[in-house]
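*Asks:*
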Amino acid sequence: MLLTVLENTASRQPGEAAMTLVNRFSVIAIALAALGTSMTTASAETYWQAAHPRRAEVNERLAYQNYRINRGVAEGRISPYEARRLHAEDRIIRHEERFMARFNGGHISRAEQRALNQQENAVSRQIAR
94 MLLTVLENTA SRQPGEAAMT LVNRFSVIAI ALAALGTSMT TASAETYWQA AHPRRAEVNE
154 RLAYQNYRIN RGVAEGRISP YEARRLHAED RIIRHEERFM ARFNGGHISR AEQRALNQQE
214 NAVSRQIAR
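Adding 93 to a residue's 1-based position in the sequence shown gives its number in my numbering.
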């Protein structure tokens, strides 16, 4: 086998070896371009999945509760300690929503949405109005 490799190298023209390197680099460049295109497609799917109506409703409620907590702190109705605790509860709900969506192709089911809404209702009742 070593003899065949040596024979092939000896029979090459000087420009032929350089062309092989150029071909290798071309293949690598094409592969990287294809990989970049596929990653762009994946991120586009992720955006669509995150904007799914059930997920959007849950996330909008969490954002509004975050606003209410911050407003309560600014107006002096909620202590900073209480705000940290409420934000921590909202963060747990947000992580749970993402965890649920990860196992269902980027969506959450009606039952999962109902469970998340019940958790959000419990936090909402704790926020001073």
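Heads up, the beta-carbon is just placed ideally off N, CA and C, and yes, glycines get one too.
Going by C-alpha distance, which of Q212, A176, Y157, R161 is nearest H188?
*Replies:* Q212
*Asks:* Output the distance between the C-alpha atoms of I162 and P173, rounded to the nearest integer angstrom.
*Replies:* 10 Å
*Asks:* Considering Cα atoms alone, identify which of F192, R178, R164, Q219 is closest to L209.
*Replies:* For L209, the closest alpha carbon among the candidates F192, R178, R164, Q219 is that of F192.
*Asks:* With E182 and V151 assumed to form a contact (beta carbons below 8 Å), what rounded beta-carbon distance in angstroms separates them?
*Replies:* Incorrect: roughly 14 Å between the Cβ atoms, too far for contact.
*Asks:* According to DSSP, simplified to helix, strand and coil, what is T134?
*Replies:* With a pLDDT of 45 at T134, under the threshold of 50, the modelled position of that residue is not reliable, and no figure is offered here.
*Asks:* When you compare only the Cα positions, how much space is there between R218 and E205?
*Replies:* 20 Å
*Asks:* Rounded to whole angstroms, how far is the Cβ of H200 from the Cβ of R147, which I believe are closer than 8 Å?
*Replies:* 7 Å
*Asks:* State yes or no: is the C-beta of R177 nearer than 7 Å to some heavy atom of the ligand ATP?
*Replies:* Questions concerning the ligand ATP fall outside what the structure shown contains, since it holds no ligand whatsoever.
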